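Trainee: Pasting a structure below so you can have a look.
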Amino acid sequence: MNQTNLQQPSFAFVAASWAALLAGFAAFLIGLWNAGMQLNEKGYYFTVLAFGLYAAISLQKSVRDRAEGIPVTGIYYGLSWIALLLAIALLVVGLFNATLQLSEKGFYAMSFVLALFGAVAVQKNTRDLQGAKPRLADTDPAQE
1 MNQTNLQQPS
11 FAFVAASWAA
21 LLAGFAAFLI
31 GLWNAGMQLN
41 EKGYYFTVLA
51 FGLYAAISLQ
61 KSVRDRAEGI
71 PVTGIYYGLS
81 WIALLLAIAL
91 LVVGLFNATL
101 QLSEKGFYAM
111 SFVLALFGAV
121 AVQKNTRDLQ
131 GAKPRLADTD
141 PAQE
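Here the sequence shown stands for residues 1 to 144, numbered as in full-length UniProt numbering.
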């Protein structure tokens, strides 16, 4: 049963989604910029953030494609889940072993989760907005 909701997301939800993505991403980066850790640690956390954002968007897209009846291979779907779980695990392990205060660890974890939520919501809105646009029929003017 493939039902497609053609309702456009509201402007407020689109704006809130972008705000969540930008707030989470910016907070994470500002925290890294101001952190007193070595450059390789900063690079690790930045890479985990980038990997997590990509994995979350990829998973949301594959879930949405399956819901709309667009074929998605099982291996890609599974790899999307593994990538997201691996990004979260890498952040957890990194924060567990870091010599940071608990408040700093919580800050990085919350900004990471906010950025992932924002990325998924923005991807959802993008698909909803594309689906709500009227589509022109594929006609060849030479055949008319």
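Using N, Cα and C, we set each Cβ at its ideal position, and we do this for glycine too. This one's a predicted model, so the numbers in the text were calculated from it and none came from an experiment.
Determine the direct distance from the alpha carbon of residue 83 to that of residue 40, and round the result to whole angstroms.
Mentor: Taking the first residue of the sequence shown as 1, we reach residue 40 at position 40. Taking the first residue of the sequence shown as 1, we reach residue 83 at position 83. One C-alpha to the other measures close to 22 angstroms.
Trainee: Compare the beta carbon distance of residue 81 and residue 116 with 8 angstroms and say whether it is the shorter of the two.
Mentor: On the sequence shown, residue 81 is found 81 positions in, with the first residue counted as 1. On the sequence shown, residue 116 is found 116 positions in, with the first residue counted as 1. No, they are not a contact pair.
Trainee: Using the rule of at least 16 other Cβ atoms within 10 Å of the residue's Cβ for burial, across every protein chain shown, is residue 53 buried or exposed?
Mentor: In the sequence shown, residue 53 corresponds to position 53, counting from 1. Counting Cβ neighbours within 10 Å, residue 53 comes out buried, since at least 16 surround it.
Trainee: When you compare only the Cα positions, how much space is there between residue 125 and residue 29?
Mentor: As a first step, residue 125 is located in the sequence shown; it is residue number 125 there, counting from the start. As a first step, residue 29 is located in the sequence shown; it is residue number 29 there, counting from the start. Approximately 24 angstroms between the Cα atoms of the pair.
Trainee: Please state whether DSSP places residue 70 in a helix, a strand or coil.
Mentor: Here the question's residue 70 lines up with position 70 in the sequence shown. Three-state DSSP puts residue 70 in coil, outside helix and strand.
Trainee: Taking the alpha carbon of residue 112 as the reference point, which residue from 20, 66, 12, 71 has its own alpha carbon closest?
Mentor: As a working note, residue 112 is residue 112 in the sequence shown. Of the candidates 20, 66, 12, 71, the one whose C-alpha sits nearest the C-alpha of residue 112 is 20.
Trainee: Answer yes or no: do residue 8 and residue 129 have a C-beta to C-beta separation smaller than 8 angstroms?
Mentor: Counting from one through the sequence shown, the residue named residue 8 turns up at place 8. Counting from one through the sequence shown, the residue named residue 129 turns up at place 129. Yes.
Trainee: What's the call for residue 74, buried or exposed, on a 16-neighbour Cβ count within 10 Å?
Mentor: Residue numbering aside, residue 74 sits at position 74 when the sequence shown is read from its first letter. Exposed, since its Cβ has fewer than 16 Cβ neighbours within 10 Å.
Trainee: Determine whether the beta carbon atoms of residue 122 and residue 10 lie at a separation below 8 angstroms.
Mentor: Translated into positions along the sequence shown, residue 122 becomes position 122. Translated into positions along the sequence shown, residue 10 becomes position 10. Result no, Cβ atoms of residue 122 and residue 10 do not sit closer than 8 angstroms.
Trainee: Taking Cβ to Cβ, would you say residue 94 is nearer than 8 angstroms to residue 44?
Mentor: Indexing the sequence shown from 1 puts residue 94 at position 94. Indexing the sequence shown from 1 puts residue 44 at position 44. Yes, Cβ-Cβ distance for residue 94 and residue 44 is below 8 angstroms.
Trainee: Taking buried to mean at least 16 other C-beta atoms within 10 Å of its own C-beta, is residue 132 buried or exposed?
Mentor: The residue you call residue 132 lines up with position 132 of the sequence shown. Residue 132 comes out exposed.
Trainee: Is DSSP giving residue 37 helix, strand or coil here?
Mentor: Here residue 37 is taken as the residue at index 37 of the sequence shown, counted from 1. Note: residue 37 maps to coil in three-state DSSP.
Trainee: Using only the alpha-carbon positions, how far apart do residue 78 and residue 14 sit?
Mentor: Reading the sequence shown from its first residue, position 78 is the one you call residue 78. Reading the sequence shown from its first residue, position 14 is the one you call residue 14. Their Cα atoms are separated by approximately 28 angstroms.
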